[in-house]
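Numbering (the numbering used here), first residue to last: 13 to 141.
Glycine included, C-beta positions come from ideal geometry on N, C-alpha and C.
Please read these numbers as outputs of a predicted model, since none were measured by experiment.
Listed below in structure tokens is the structure:
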């Protein structure tokens, strides 16, 4: 068991609520594009959790819910990754700080996600633990 994190892109037609920022739902035949996968990157989880609640998320815990990422979010994330400013985050299943290990992976994800948005796709982050 542990923290598993994913980023996906979707066509607007595959999302039932394409203008929502949190807790997006999908059509039965939705075809996600995989952008990234992380295993136990707790500080990224903390960053995304803060974003989720800032965007109006209401879940009791940030687990098995999703948050939409726009260009501004991704640019802020890039700044925080590059400066080593992701918030220290812990949890029973989260593992230890892995920011340095995932830094290049995070930056590639951000680049790919920005490209997906330019192509008109919706980008979201999802996790479970």
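Suppose the cutoff is 8 Å on Cβ atoms and the five residues either side in sequence are ignored; what does the same chain contact list for residue 93 look like?
Only 111, 115, 118, 119, 122 meet the Cβ criterion.
Residue 59 by DSSP, collapsed to three states: which one?
Three-state DSSP puts residue 59 in a helix.
Flag this pair as yes or no: are the beta carbons of residue 34 and residue 86 separated by less than 9 Å?
No, the pair does not count as a contact, with Cβ atoms beyond the cut-off.
I'd like the list of long-range same chain contacts for residue 27, defined as Cβ closer than 8 Å, with 5 residues on each side in sequence excluded.
So the list reads 36, 37, 38, 39, 42, 134, once near-sequence residues are dropped.
For the beta strand (DSSP E) that contains residue 22, what are its first and last residues?
Taken as a continuous stretch (DSSP letters only), the beta strand (DSSP E) holding residue 22 covers 16 to 22.
Going along the chain, which residues of its own chain have a beta-carbon closer than 8 Å to the beta-carbon of residue 45, five neighbours each way excluded?
Closer than 8 Å at the Cβ level, and outside the excluded window around residue 45, lie 20, 21, 22, 128, 133.
Restricting to runs no shorter than 4 residues, where is the alpha helix (DSSP H) found entirely within the region 40 to 128?
The qualifying runs are 54 to 66, 83 to 95.
Identify, in the order they occur along the chain, each residue of the same chain with its Cβ nearer than 7 Å to the Cβ of residue 30, setting aside the five sequence neighbours on each side.
Excluding positions up to five away in sequence, the list reads 24, 134.
Given that a residue counts as buried once 16 or more other Cβ atoms are within 10 Å of its Cβ, and exposed if not, what is residue 200?
No answer is possible for residue 200: it lies beyond the span of the chain, which begins at 13 and ends at 141.
Could you work out which residue in 131, 81, 98, 62 is closest to residue 8 when comparing CA atoms only?
The shown model of the chain, from 13 to 141, leaves out residue 8, and the question about it has no answer.
Based on DSSP bridge pairs, tell me the residues matched to residue 173.
The displayed coordinates of the chain run from 13 to 141. Any statement about residue 173 would go beyond what the structure contains.
Just the Cα atoms here: how many angstroms apart are residue 89 and residue 55?
So the two alpha carbons sit approximately 11 Å from each other.
Helix, strand or coil: how does DSSP classify residue 138 here?
Strand at residue 138.
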